[in-house]
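First up is the structure itself, then whatever we jot down about it.
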Amino acid sequence: METSKTHSSESMSRDLSELMKEATKEVHEQAENTPFMMNFQKGQVSLHEFKLVATSLYFIYSALEEESERNKDNPVYAPVYFPAELHRKAALEQDLEYFYGRNWKEEITCPEATQKYVERLHYIGKSHPELLVAHAYTRYLGDLSGGQVLKKIAQKALQLPSTGEGVAFFTFDGVSNATKFKQLYRSRMNALEMDLATKKRVLEEAKKAFLLNIQVFEALQELVSKGQENGHPVLKAELRTRNINKSYEHGSAPGKESERINRRHTDMMPITPLVRWILALSFLAMTVAVGLFVM
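Mapping of the sequence shown onto the working numbering: residues 53 to 347, in sequence order.
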């Protein structure tokens, strides 16, 4: 038994970033094989799904960054506090305004599953700030890595402007070299003073954060399939419609083309609120999965 304890101690003495990557390896593989992940990598994503994902991410990052600010001087978190380089809330606000318009805050709501994650972030930020490291690492480094792949896919699949509108979330203007920055981030994280018990708790929190997304994804995927079987088709929003409506807001009258598109959309059965949030959270799980896989 003494030998076992010694081996465990030696194992946990390794760098935290290395331990975290190893601890989440299984869920990485699980995420790779999800149908939604495969479909997204093929560019099979609608604008409607993308907008709902941005909404969920907005609430998550608002909570994460509120707790980051709360603990920016706390030694258990301060070394990995990089607001200028990493914070995403402002970028998500730009994306949401691009997609929904100036009154975007009135157009979005936080789904129950996202709210649970938000509550978890606030809880650990206030009560167990050392665990905030796990969430910051899995979110920020994941989006910095895999997010670049998602950005290109989204721009092509949704015909978004090459100038970056709608994908500000994936654009890290404060990071000039992603590889070097990730090395810096890992070195800061590895330098955090943690005893073995705390390290184990951080690793468990990292798995918990990732597994939560995967579990929600799997459950919602089943509901999506049932919803389609019961005659609730997924509405495929078109970027052209949004652009025409945006032009109309600025005073230009819509032509016959916009009338034809709007009429076609009116004839389609509208997506139900349940399916909206199912798609949002399913896609959110994909975002996390792609990011973490390439960290």
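Note that beta-carbon positions come from the ideal geometry of N, C-alpha and C, so glycine has one too. Keep in mind the model is a prediction, meaning the values are calculated, not measured.
Any idea if residue i is buried or exposed, counting beta-carbon neighbours within 10 angstroms, 16 or more meaning buried?
{"i": "ALA243", "result": "exposed"}
{"i": "SER356", "result": "In the structure as shown, the chain starts at 53 and stops at 347, and residue 356 therefore has no counterpart that could be examined."}
{"i": "ASN126", "result": "exposed"}
{"i": "ARG191", "result": "buried"}
{"i": "ARG154", "result": "exposed"}
{"i": "ARG238", "result": "buried"}
{"i": "ASN123", "result": "buried"}
{"i": "ASN85", "result": "exposed"}
{"i": "LYS203", "result": "buried"}
{"i": "ALA348", "result": "What the structure shows of the chain is the stretch from 53 to 347, and residue 348 is not part of that stretch, so it cannot be assessed."}
{"i": "GLU81", "result": "exposed"}
{"i": "TYR189", "result": "buried"}
{"i": "TYR396", "result": "The shown model of the chain, from 53 to 347, leaves out residue 396, and the question about it has no answer."}
{"i": "ASP225", "result": "exposed"}
{"i": "ASP67", "result": "exposed"}
{"i": "GLU101", "result": "buried"}
{"i": "SER179", "result": "exposed"}
{"i": "ALA186", "result": "buried"}
{"i": "MET90", "result": "exposed"}
{"i": "SER65", "result": "exposed"}
{"i": "LYS77", "result": "exposed"}
{"i": "ALA136", "result": "exposed"}
{"i": "GLU119", "result": "buried"}
{"i": "GLU245", "result": "exposed"}
{"i": "GLU121", "result": "exposed"}
{"i": "LYS103", "result": "buried"}
{"i": "ALA142", "result": "exposed"}
{"i": "GLU182", "result": "buried"}
Is residue i helix, strand or coil when you go by DSSP?
{"i": "ALA243", "result": "coil"}
{"i": "THR161", "result": "coil"}
{"i": "VAL342", "result": "Residue confidence for VAL342 is low, a pLDDT of 49 falling below 50, so the modelled location carries little weight; the figure read from the coordinates is stated next. The answer is helix: DSSP assigns VAL342 an H, G or I state."}
{"i": "GLY218", "result": "coil"}
{"i": "VAL132", "result": "helix"}
{"i": "GLY198", "result": "helix"}
{"i": "VAL227", "result": "coil"}
{"i": "PRO181", "result": "helix"}
{"i": "ASN85", "result": "coil"}
{"i": "ASN126", "result": "coil"}
{"i": "ASN265", "result": "helix"}
Assuming residue i is part of the alpha helix (DSSP H), what are its boundary residues?
{"i": "VAL185", "result": "184 to 188"}
{"i": "SER108", "result": "99 to 122"}
{"i": "SER69", "result": "68 to 75"}
{"i": "LYS94", "result": "Neither: LYS94 is in no alpha helix (DSSP H) and is coded neither H nor E."}
{"i": "LEU212", "result": "Unbroken run through LEU212: none, as it is neither H nor E."}
{"i": "LEU193", "result": "From DSSP, LEU193 is part of no alpha helix (DSSP H); its letter is neither H nor E."}
{"i": "ASP147", "result": "141 to 152"}
Measure from the C-beta of residue i to each C-beta in chain D and report whether the shortest distance is under 8 Å.
{"i": "ASN155", "result": "Here chain D cannot be found, since the structure has a single protein chain."}
Flag this pair as touching only if the segment 236 to 249 and the segment 163 to 174 have three or more C-beta atom pairs under 8 Å; answer yes or no.
By the Cβ test, the segment 236 to 249 is not in contact with the segment 163 to 174, since fewer than three Cβ pairs between them sit closer than 8 Å.
Counting pairs of beta carbons, one from the segment 95 to 103 and one from the segment 208 to 228, are three or more of them closer than 8 Å?
Pairwise C-beta distances place the segment 95 to 103 in contact with the segment 208 to 228, as three or more of them are shorter than 8 Å.
Using 8 Å as the cut-off, can you tell me whether the segment 122 to 138 makes contact with the segment 66 to 77, which would need three or more C-beta pairs spanning the two stretches below that distance?
Contact between the segment 122 to 138 and the segment 66 to 77 is absent, because fewer than three Cβ pairs lie under 8 Å.
Segment contact, 8 Å Cβ cut-off, at least three pairs: the segment 144 to 160 with the segment 231 to 240:
These segments do not touch.
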